[in-house]
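What follows is one structure encoded as structure tokens, with my remarks underneath.
Residue numbers (this note's numbering), protein chains in the order written: chain C, 1 to 1041; chain S, 10001 to 10416.
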């Protein structure tokens, strides 16, 4: 990866700074102090890995946000733009590839090859501060991440994975932990075990519970028996106590009776009746007093009544005036409606006048007579008709002109073509040559036939020659047959068979005779015929050949020819004939076109004349129409529709004006009516002395006042009448009540006197004694009856005689004692009930076995979870173990390579003064070994040499990472400042060499360093920030040495 | 003669290896499962009208027998007693005679065999149809060959041997009352009704029918598939055994390959399909252990334990709380991503180094001990050791594979 450009939106003190295109390889940025070199270094780091507000970077601008972009070229050849923005609340990242695709930060991290910010800051983009911190190189984190970076992990971090595994393991299990899952499950498992141990042997407990329940039953039975006895005794004592109380009450009643027995026996109902009479008299007297008070008040009210209102006398007029208010409201509505209508009409009138114009819309043009309308319609139709005719004529002329132009154009084109073809060679027509060719073909055909005949003759002769050869073979066959016949005959004779021998000889003789008879004697004659015919045919053939050569010379100019030549010749003839025919056809067409053009011209002339005539008629119709319009004050440009509409508007205008006049008349009537009503109102107000406060809208105030006055007068009259009636009724009632009171008082005195009470006071003294005497008598009887019954219930009627001798306190004491005992038994019974409930619940539980089963099931489930979590822990533990071991081996095997490379670089930087950097595997301190083999601890090295060693290790690490595919831009901020000139030049050469295949930015404020770089790399690009330091927003100038 | 034989009821015993939830309906079902399974056996006897029920030991799960289990067992056999069906019971290593027994009154027709072999006639319809020979364990750890104590009597009827024993030294079960098939055959019984092995099977040895009915209710992930009892019929055609399932819940394992799944939707759909199949095939609620195997792109989700856990919880809710009767007990991810480990191990990068190192350690022969030492911090906890036992070589191998997968998942981005 290399940086192609950067754009600093906002970072540090910089805003809107953009670099130009940046070259690959080594780039030196030169600038004095405060030019912004370190800011650039921080910016590159921030763009690579992001920046957050919580990092408290000093490069965060005061505006509270950073923004920027990097253009990079990736290892796969693609270009990409990384853009970042961050403020206090949010962070945004964008990665856009040159092919238009976008990706997230995860992919960007993958492109960075697993290098994180820590590694980048210490190996890729570092300043003197980082270089001088040796501890970072020995930091385990750096080592771990260094080996993660480029270890093929593509984004993962071995250290992070280790931490994650440890975290996961600790989430599951920690020695003496409480929260981890396994610790928790172990606690649960132990609890299950304890519960199972407790519940695991239910037999003994079941029997204990059963025994306890049996004990409960026995004790409950005993207690129930005790309680029954106690209750019986308590009930008996309670009755006796009750008997004693009854006796005491009877004794008290008897003593009282002795005092009251001398009084007459008065029925309580008589006392009640007398009490009722006295109460009734009392109530009536109170009623009389209340009535009297009320009548006095009413009379006073009647006396203070006042005079009759003057308006009440004129109430008819007042009522009419008030009704006028309602009518006035209705008239107001009508008035408003008329005014609105008048306004609308005025607006419509103005609109129509505007449309018609001042003349046509004037007051005088009201209404258009119907004949005028018919006239206008007729005139306009005439205009339209003439217009249509004129347009048709114009179109006809135009159409005709177009046809004429078309015909003329076609004629010109055709004549041009005829001329062109006439000028061109059309080829020779065949003429008599077609006949020559036919003749030549016939001659060739004859020649070929002759050749075929000669061939046939030759073939016949060869057949004949072949037939003669066959005759020789037949002779030999006959001789052999005869010989064979003779041999057979000899053999037959020798065998003594003369008949077969004779037959064989005869057959041989017949065969010889037959063959000799078949051999023809005219073979020589046929040969001579053939030779003769052959000669004749040969002669005819030669003649044909000569004729063919002659005709061929005539046609083709040579003797040899073929059908292809003949075909080509015929095609030429056909072309020439076709071209001739086409030329003739075009000439004919041109002639026809000329005639057509003339005809079009004549018709056009005729139509133009007709058009002029129609145009004059059209003008005449228009003139008549416009004159008619002018006569009526209409604009002359109006057409028929517009005029018709205008006539319609004039009618409407006339209607509107008529309606306006009607409205005006009606408004006048309404105003007169209102004025009359107002006068009446004023008159009534003056009569009634009503003072009006308002000037505007006084009518409603006056109406309201008049209404109130009338209502008040009416109300006063109504009240006075009501009071008079009530006073009369009240006086009548008082007279009746007073009579009743007198009668009742007489009756009351009579009743009391009958019982011996001459006065009210005497009655009040005797009355309770009468009542008590009767009560005592009844009470004594009741008590004696109750005592008798109780004694019978107890079963000892003789107890009544003993009662006077009993001690009440002793009886109460004995009863209390019994109640206390019963309470005790009750409490015990309740305790036993609770105990029984618990025991029965426990027995049910034991019988149901649920709790033990539940714990057993829970233990199994806990064990299962424990098993699962332990497996998870084991997997993580094994993973961690394998990872740690692998990492150790990986580091162990890789580290020597890095240090060997670092030693080489260190030797180059120090011109061989030191040859090796030593890093003990047991983690001991690093050292430098000089050329003589002496080991120098780092603290004994000079500052410059130590920095050269650290630089060497960093560069070696970069090389190592590059070999693993991690190639990121390197940025060094004046790290050579403490080197002596010679070693600086050497370092510059090393950096220049490394920059061959990676991008290295070297930031410096030292001109001598720039000079060293320029001398090491001819044509080195140097960004000079000396003039425009501080990042003022201008693009930096790049110089090439 | 027609009888039902069951064994290993393990009434009131917990389910092992189950990840339940407190207060869930599942726990209630588990709690009743062994009881309801036995009730179904009794229902079967009543429905089939058999001559007897034989119980081949381990009626209860513990020597200290659960009172509830004893009462329940008594109540159920009382139903058979009322129907006139005798019950023959032997006790095994889980419920020997030495264990506590409530003072229960057994209903008529229930015969519980003692510590010595007894011969009891089986009377049905007023006539003796068989002789039942049986013996119970006097104590849990019976190591004697009890089969040798059985001898056929002189009765001319079917002779049935009822015994809780490990026949043929099954290594997966405790070596209680060990005996061989020959020992059983020589006892002269016509049929051996056995108990102790939790998988149903029956076979004929030297003309003698022998059968283990298995447990009536699977209570462990290893006790998968149908569980029940045998209906044994002896007649002129010989002895015939017919298996009937009575389990209330069924353990099933679903092995699902993730190969070919492009996204999680496909994975969900495949699992749903398998769950539907398993539930339909079982015809009763199912406890399913899901194993995801193979390699495929969907592994990018499975590598996240949190994701898998959420998935399991959601599917439990859908498939169990939704009334569909499938409890997803666990989802074990044994799958991996489709990465080429061979190619990675050849890379010079860190991951290659890791793969090479793991390969070397596995081949070294010391890896099991090395891994045990790495796991010692947890395995030294006594409870862990008691629950999980010693870590075996096989477990080390499996865990090492998972550890390697985890490392690769962490070190390599998705897709590599």
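Note that beta-carbon positions come from the ideal geometry of N, C-alpha and C, so glycine has one too.
Keep in mind it's a predicted model, so treat the numbers as computed, not measured.
Using C-beta distances below 7 Å, list every residue in its chain close to residue i, excluding the 5 sequence neighbours before and after it, in chain order.
{"i": "residue 254(C)", "result": "780"}
{"i": "residue 10170(S)", "result": "10197"}
{"i": "residue 10378(S)", "result": "10384"}
{"i": "residue 180(C)", "result": "170, 171, 172, 173 and 174"}
{"i": "residue 10168(S)", "result": "10180 and 10181"}
{"i": "residue 10039(S)", "result": "10076"}
{"i": "residue 608(C)", "result": "397"}
Apart from the five residues just before and just after residue i, which ones in its own chain have a Cβ nearer than 6 Å to its Cβ?
{"i": "residue 9994(S)", "result": "In this structure chain S extends from 10001 to 10416, so residue 9994(S) is not present and cannot be described."}
{"i": "residue 1002(C)", "result": "28 and 972"}
{"i": "residue 842(C)", "result": "209"}
{"i": "residue 921(C)", "result": "At residue 921(C), the pLDDT of 49 sits below 50, so the modelled position is not reliable; the number obtained from the coordinates is stated separately. Correct list: empty, nothing qualifies."}
{"i": "residue 10202(S)", "result": "10211 and 10241"}
{"i": "residue 10074(S)", "result": "10104"}
Pick out whichever of the options has its Cα sitting closest to the Cα of residue i.
{"i": "residue 653(C)", "options": "350(C), 553(C), 754(C) and 559(C)", "result": "350(C)"}
{"i": "residue 1014(C)", "options": "432(C), 815(C), 989(C) and 979(C)", "result": "989(C)"}
{"i": "residue 933(C)", "options": "946(C), 914(C) and 919(C)", "result": "914(C)"}
{"i": "residue 847(C)", "options": "10072(S), 10010(S), 10013(S) and 10015(S)", "result": "10072(S)"}
{"i": "residue 10110(S)", "options": "10078(S), 10247(S) and 10099(S)", "result": "10078(S)"}
{"i": "residue 10254(S)", "options": "10385(S), 10382(S), 10272(S) and 10237(S)", "result": "10272(S)"}
{"i": "residue 633(C)", "options": "721(C), 760(C) and 362(C)", "result": "362(C)"}
{"i": "residue 732(C)", "options": "90(C), 295(C) and 20(C)", "result": "295(C)"}
{"i": "residue 549(C)", "options": "669(C), 535(C) and 437(C)", "result": "437(C)"}
{"i": "residue 691(C)", "options": "678(C), 679(C), 705(C) and 700(C)", "result": "705(C)"}
{"i": "residue 322(C)", "options": "756(C), 699(C) and 930(C)", "result": "699(C)"}
With a CB to CB cut of under 8 Å and the five nearest residues on each side skipped, what residues in its chain are close to residue i?
{"i": "residue 10411(S)", "result": "10350, 10351 and 10354"}
{"i": "residue 401(C)", "result": "604"}
{"i": "residue 10409(S)", "result": "10303 and 10337"}
{"i": "residue 357(C)", "result": "633, 634 and 635"}
{"i": "residue 408(C)", "result": "597"}
{"i": "residue 10206(S)", "result": "10181, 10182 and 10185"}
{"i": "residue 10070(S)", "result": "10060, 10101, 10102 and 10104"}
{"i": "residue 714(C)", "result": "312"}
{"i": "residue 10175(S)", "result": "10143, 10166 and 10169"}
How close, in whole Å, do the beta carbons of residue i and residue j come, if the pair is a contact with beta carbons under 8 Å?
{"i": "residue 573(C)", "j": "residue 434(C)", "result": "7 Å"}
{"i": "residue 996(C)", "j": "residue 962(C)", "result": "At roughly 11 Å, the Cβ-Cβ gap does not stay under 8 Å, so residue 996(C) and residue 962(C) are not in contact."}
{"i": "residue 10114(S)", "j": "residue 10136(S)", "result": "6 Å"}
Considering only residues of the stretch 875 to 908 of chain C, which uninterrupted alpha helix (DSSP H) runs meet the minimum length of 4 residues and lie entirely inside it, listed in chain order? none
Residues of the stretch 173 to 198 of chain C with Cβ closer than 8 Å to any Cβ of chain S, in chain order: 173, 175, 182, 186, 189 and 190
Taking beta-carbon pairs under 9 Å, can you tell me which members of the stretch 865 to 880 of chain C lie near chain S? 865, 866, 867, 868, 870, 871, 872, 873, 874, 875, 876, 877, 878, 879 and 880
Entirely enclosed alpha helix (DSSP H) segments - the stretch 358 to 408 of chain C, minimum 4 residues: none
Could you list the residues in the stretch 994 to 1016 of chain C with a C-beta less than 9 Å from some C-beta on chain S, going in chain order? none
Give the list of continuous beta strand (DSSP E) stretches no shorter than 3 residues that lie fully inside the stretch 10002 to 10082 of chain S. 10002 to 10006 and 10052 to 10056
Taking Cβ-Cβ distances below 7 Å as the criterion, which residues of the stretch 883 to 914 of chain C are in contact with chain S? 883, 885, 886, 889 and 890
Contact list for the stretch 10330 to 10350 of chain S against chain C, Cβ threshold 7 Å: 10347, 10349 and 10350
Which of the residues in the stretch 10005 to 10022 of chain S, read from start to end, lie with their CB under 7 Å from any CB of chain C? 10012, 10014, 10015, 10016, 10017, 10018, 10019 and 10020
Within 9 Å of chain S by C-beta, residues of the stretch 213 to 233 of chain C in sequence order: none
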